[in-house]
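Asks: In full-length UniProt numbering, the protein residues as written are 1 to 189. Every residue, glycine too, gets a C-beta built ideally from N, C-alpha and C.
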């Protein structure tokens, strides 16, 4: 199964863009890996395993609009010293959490930062959330590189693959609901 370590950022296509998506998952020691079945499609995300490297990358590129996906335990650098307020180019922060308790904590904490922090979600939804934002992200980049045919073609291919993965996700969700309904009807009989 693929994890965050399998994300391969495509520097030649996505680095020149005005909008970046970064992912920070800095975990030392033993931990449960976060499964990303579509990591091979998530070439639009630059993943970091080091908080220092990620924060430096964001701080040094003030000409980019950055969206950050960060693990619940990797936000100290951003909130402890008020960096979130001093980084106007850090457009949005998405927090992925290991449990519903942590999700509830971050949900209540982020109420004061609604303009910048998105609704926290569980880590097992990270693959889906990245695919969703990837589709929108590519739409923006297609407008930015409208006159560069080779980049357009690559973006179209990436977007098509992302949309197919999303279609599969939704089909699986519908099938699971159908199965649940079928079992509940059988139980009533």
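1) Measuring alpha carbon to alpha carbon, tell me which residue in 70, 44 and 65 is nearest residue 51.
2) Candidates 72, 157 and 175: which alpha carbon is nearest residue 41's?
3) Sort out for me which residues DSSP pairs residue 68 with in a bridge.
4) Alpha carbon to alpha carbon, what distance is there between residue 100 and residue 173?
5) Would you report the Cα separation of residue 102 and residue 120, rounded to the nearest angstrom?
6) Report yes if the CB atom of residue 16 is closer than 8 Å to the CB atom of residue 127, and no otherwise.
7) With distances taken from CA atoms, which of 9, 44 and 48 is nearest residue 28?
8) Take every Cβ of the region 56 to 71, pair it with every Cβ of the region 84 to 101, and state whether three or more of those distances are shorter than 8 Å.
9) Would you mind stating whether residue 130 and residue 165 have Cβ atoms separated by less than 8 Å?
10) State the Cα-Cα distance for the pair residue 67 and residue 10, rounded to the nearest angstrom.
11) What is the DSSP secondary structure of residue 246, reduced to helix, strand or coil?
12) Just how far apart, CA to CA, sit residue 82 and residue 113?
13) Less than 7 Å separating the Cβ of residue 159 from some heavy atom of the ligand ATP?
14) For a quick check, are the C-beta atoms of residue 34 and residue 167 less than 8 Å apart?
15) For residue 182, collect the residues of the same chain with a Cβ closer than 7 Å to its Cβ; drop the 5 residues on either side in sequence, then sort them by chain order.
16) Which word fits residue 179, buried or exposed, when buried means at least 16 other C-beta atoms lie within 10 angstroms of its C-beta?
17) In whole angstroms, what is the alpha-carbon distance linking residue 143 and residue 186?
Replies: To lay it out plainly:
1) 70
2) 157
3) 22 and 93
4) 21 Å
5) 9 Å
6) no
7) 48
8) yes
9) no
10) 16 Å
11) Beyond the ends of the chain as shown, which are 1 and 189, falls residue 246; an answer cannot be given.
12) 12 Å
13) With respect to the ligand ATP, the structure offers nothing, as it holds no ligand at all.
14) no
15) none
16) exposed
17) 51 Å
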